[in-house]
Amino acid sequence: MTPPREQLEADVLIVGAGPAGLSCALHLANIIKKHNESAAKPELSTENIYVLEKGREIGAHQLSGAIMNPKALAELVPDFEKTAPLDTPVTDDAALFFTEGSSFRFPITPPPFQNKGNYVVSLNKITKWLGGLVEKTGVNLFTQFGGAQLIHEGSGIAGVITEDKGLDKNGKPKDNYTPGYELRARVTVLAEGTRGSLTKQLVAKNKLDNINPQIYSIGIKELWDVQPGRIQPGYVAHTLGWPVATDMYGGGWIYGLANNRVSIGLVIGLEYANPEFDPHEAFQKWKTHPAIKKILEGGKLVRYGAKSLPAGGYYSMPRNYVDGGLIIGDSGSFLDSQRLKGIHMAMKSGMLAAETIFDALKAGDTSAKTLSAFTKKVEQSYIKKELWAVRNFHQSFKYGLYGGLFHTGLQFLTGGRGLIDPMRVEAGYRHYHKIDGHPAPERFKGDGKLTFDRLTDVYHSGTRHEEDQPCHLIVHDLNVCATKCVVEYGNPCQYFCPAAVYEMAKEKDGVKLKINAANCVHCKTCDIADPYQIIDWVVPEGGGGPNYEGM
Ligand SMILES: Cc1cc2nc3c(=O)[nH]c(=O)nc-3n(C[C@H](O)[C@H](O)[C@H](O)COP(=O)(O)OP(=O)(O)OC[C@H]3O[C@@H](n4cnc5c(N)ncnc54)[C@H](O)[C@@H]3O)c2cc1C
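Going by the working numbering, the first residue of the sequence shown is number 2, and it counts up by one from there.
Take a look at the structure:
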């Protein structure tokens with residue numbers, strides 16, 4: 002007999018311990034402390050705040066460039082500069098245009114690429130540090146627990162059920178089987194980051210989508226230790242052009258950290274037409290550009306990772322409140338894709354959610370009506386101001402690189418309005434062209450020094466999953482992959498996945514999809530970019546996934 006689920010009750014349950022979830026928890030705990038010190042009633046307890054994180058430790062699933070605008074952190078932890086692991090302030094910010102063999106530095110760095118006053122950080126280290134501050138307040142932080150199912154109640158939510166632990170690959174209980182907990186809360190905050198698996202369900206069920214659906218990019222990153230003198234700490238550059246085709250959205254970054262460490266990466270909009278395009282390969286090619294190669298040569302790859310990011314901005318922001326629930330951070334589309342900045346907005350959205358929740362708890366009313374104050378607070382904050390100014394930015398690139406830059410220029414002059422406002426888009430996976438029966442492209446192998454194949458890179462992501470567990474990548478109809486997709490699109494999952502999870506294995510009578518789920522780096526690209534939308538990414542057993550130490 003399977004043991005019954007244990008039930009726990011909390012005031013507030015935060016799903017996801019990234020910048021958004023942790024800032025929400027810390028700010029709420031600070032407000033509650035002040036409230037209790039003033040002897041006002043009702044007394045609230047920080048112990049009734051729970052935070053769940055699926056990673057093996059806080060920060061394990063944090064992947065970002067990362068340049069951090071410190072303004073939200075300065076509000077949350079006013080003396081942050083004394084203890085936060087900030088790495089290095091930005092000292093020089095360049096915008097570079099790449100052709101295949103050369104690069105051109107814009108004489109004046111365009112405003113979106115200006116970063117003076119910001120810090121180059123490891124988001125893994127920042128969130129670990131924030132997690133420590135949260136723990137000190139008495140909040141219950143549980144790592145290695147994924148929110149697997151929402152508890153729906155009426156038209157809202159009332160908590161989550163965490164993933165069952167100790168199931169074998171056929172879903173049968175093993176000796177260590179423990180059913181997931183039923184965690185009920187007066188307010189459940191979805192802070193799952195990009196393409197949250199619970200957020201996706203809630204947005205679909207409650208029809209929370211805005212006028213545009215969410216659209217996404219994928220970012221592929223490597224961290225390198227390079228020879229002394231190759232890059233100044235605090236030098237940051239963003240690149241446009243080669244090898245990203247002019248009908249696609251994309252660009253690279255080079256961020257100099259302390260101690261001869263460099264963060265490099267390429268972001269590609271997940272709305273390209275060629276289903277056999279391979280973002281990982283494009284990133285590897287980008288590294289062979291003379292401007293990048295001269296930094297990396299003689300250096301050593303330290304870490305690899307990949308993660309999607311929500312690029313839709315203001316017009317893709319779902320309604321962020323329901324009865325008993327709020328959506329914050331990347332899950333709620335709080336990211337400026339023009340500046341590639343989401344950290345400070347995730348933090349600020351978490352803080353505004355905390356203030357909303359505190360008022361709701363005090364009033365004993367956590368209905369959607371009360372929680373809608375969150376949206377009002379967002380509208381009055383700098384989040385709205387920043388997102389409004391770029392509300393049509395990403396959509397403009399449906400006209401290609403030059404069309405996109407033209408529209409962006411006009412939007413800059415008109416406070417974001419541009420020629421068409423609101424500019425509409427459709428979901429990225431709708432942009433694939435059908436293949437015309439040509440043979441599958443050769444896979445990229447890399448030279449093993451400067452460039453790598455996907456498996457070598459995955460090895461450097463520290464990814465680990467319990468092998469004997471149900472597959473967390475649910476393909477609802479494998480037949481579609483082997484019959485329809487192979488003919489129409491050539492199985493794009495083989496190409497867009499930056500972790501070699503999906504493979505079309507040759508069989509006697511055709512091909513069959515093989516899923517190497519243990520490689521999954523939790524980027525969620527498959528859930529986003531599958532042309533038939535038959536892949537559901539669900540949480541694996543807690544603690545599985547990458548280990549983005551130092552990223
Ligand atoms: C390649 C790349 C480069 C970027 N560069 C920059 C940059 O330079 N500057 C900048 O400001 N922003 C940058 N961003 C954006 C920034 O990283 C995000 O906006 C920010 O991390 C969002 O914070 P979050 O807390 O909403 O989500 P996340 O940071 O994604 O955190 C969500 C957390 O929730 C956990 N989680 C998810 N689902 C569940 C679940 N069901 N149960 C339990 N836990 C769960 C995840 O493991 C994760 O730890 C970049 C993003 C990418 C992908």
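Note that the Cβ used here is the ideal one computed from N, Cα and C, for glycine as well.
Nearest by alpha-carbon distance to residue i: which of the options is it?
| i | options | result |
| --- | --- | --- |
| N480 | Y496, L456, K513 | K513 |
| D248 | G147, A73, L406, V91 | L406 |
| N49 | H36, S39, A30 | A30 |
| V522 | P4, A312, A96, G56 | G56 |
| E486 | K117, Q534, L297, Y403 | The amino acid occupying residue 486 in the given sequence is Cys; Glu does not appear at that position. Of the candidates K117, Q534, L297, Y403, the one whose C-alpha sits nearest the C-alpha of C486 is Q534. |
| G463 | V135, P244, L224 | L224 |
| D366 | T84, R187, H62 | R187 |
| Q233 | K206, V263, G438 | V263 |
| P43 | F359, G270, R340 | F359 |
| Y250 | D12, S397, N37 | S397 |
| P214 | R465, S46, K446, M424 | M424 |
| H36 | S123, K363, K386, T89 | K363 |
| K206 | E164, I152, D176 | I152 |
Which residues in the same chain as residue i place their Cβ atom closer than 6 Å to its Cβ, once the five residues preceding and following it in sequence are excluded?
| i | result |
| --- | --- |
| T415 | none |
| Y178 | G167 |
| G60 | N125, T128, K129 |
| Y236 | D93, G257 |
| G419 | N393, H408, L411, Q412 |
| A501 | R455, L456, N520 |
| N141 | Y51 |
| A292 | S104 |
| V459 | A500, N520 |
Does the beta-carbon of residue i have 16 or more other beta-carbons within 10 angstroms, so that it is buried, or is it exposed?
| i | result |
| --- | --- |
| Y137 | Reading off the sequence, residue 137 comes out as Lys, not Tyr. That one is exposed. |
| K288 | buried |
| H408 | buried |
| C295 | Correcting the residue type first, residue 295 is Lys in the shown sequence and not Cys. The residue in question, K295, is exposed, as its Cβ has fewer than 16 Cβ neighbours within 10 Å. |
| R196 | buried |
| A259 | exposed |
| T484 | exposed |
| N321 | buried |
| P541 | buried |
| D469 | exposed |
| T357 | buried |
| Y273 | buried |
| H345 | buried |
| I475 | exposed |
| R304 | buried |
| G172 | exposed |
| S46 | exposed |
| G299 | exposed |
| E282 | buried |
Excluding the 5 residues flanking residue i on each side, which residues of the same chain have their C-beta closer than 7 Å to its C-beta?
| i | result |
| --- | --- |
| V204 | D210, P319 |
| D531 | Y430, C494 |
| Y490 | P276, Y433, K435, I436, P532 |
| K301 | W225, D226 |
| T376 | N321, Y322 |
| K72 | H345 |
| G325 | E154, G157, I158, A159, R187, V188, T189, T367 |
| A26 | I15, I50, V52, V135, V140 |
Residue i and residue j look like a contact to me (Cβ under 8 Å); what is the Cβ gap, rounded to whole Å?
| i | j | result |
| --- | --- | --- |
| F105 | F98 | 5 Å |
| E504 | S332 | Their Cβ separation, rounded to whole angstroms, is 30 Å, which puts E504 and S332 out of contact at 8 Å. |
| C498 | T526 | 6 Å |
| V78 | V121 | About 19 Å separates the two Cβ atoms, so there is no contact after all. |
| G148 | L64 | Actually they do not touch by this definition, with Cβ atoms about 20 Å apart. |
| G429 | I212 | Incorrect: roughly 16 Å between the Cβ atoms, too far for contact. |
| Q554 | T100 | No answer is possible for residue 554: the residues shown for the chain start at 2 and end at 552. |
| S309 | S334 | 13 Å between Cβ atoms; not a contact. |
| G157 | V426 | Not really, about 29 Å apart at Cβ, beyond 8 Å. |
| G19 | G330 | 6 Å |
| S39 | M352 | Incorrect: roughly 20 Å between the Cβ atoms, too far for contact. |
What does residue i pair with, by DSSP beta-bridge criteria?
| i | result |
| --- | --- |
| K513 | A506 |
| N141 | Y51 |
| I255 | A238, I265 |
| K301 | D226 |
| W538 | L474 |
| Q8 | E183 |
| Y217 | P311 |
| F99 | S104, G242 |
| G270 | S218 |
| R562 | Residue 562 falls outside the range modelled here, since the chain spans only 2 to 552, and no answer is possible. |
| Y120 | M69, P90 |
Give every residue of the same chain whose Cβ lies closer than 8 Å to the Cβ of residue i, excluding the five residues on either side of it in the sequence, and list them in chain order.
| i | result |
| --- | --- |
| R6 | I162, P180, G181, Y182, E183 |
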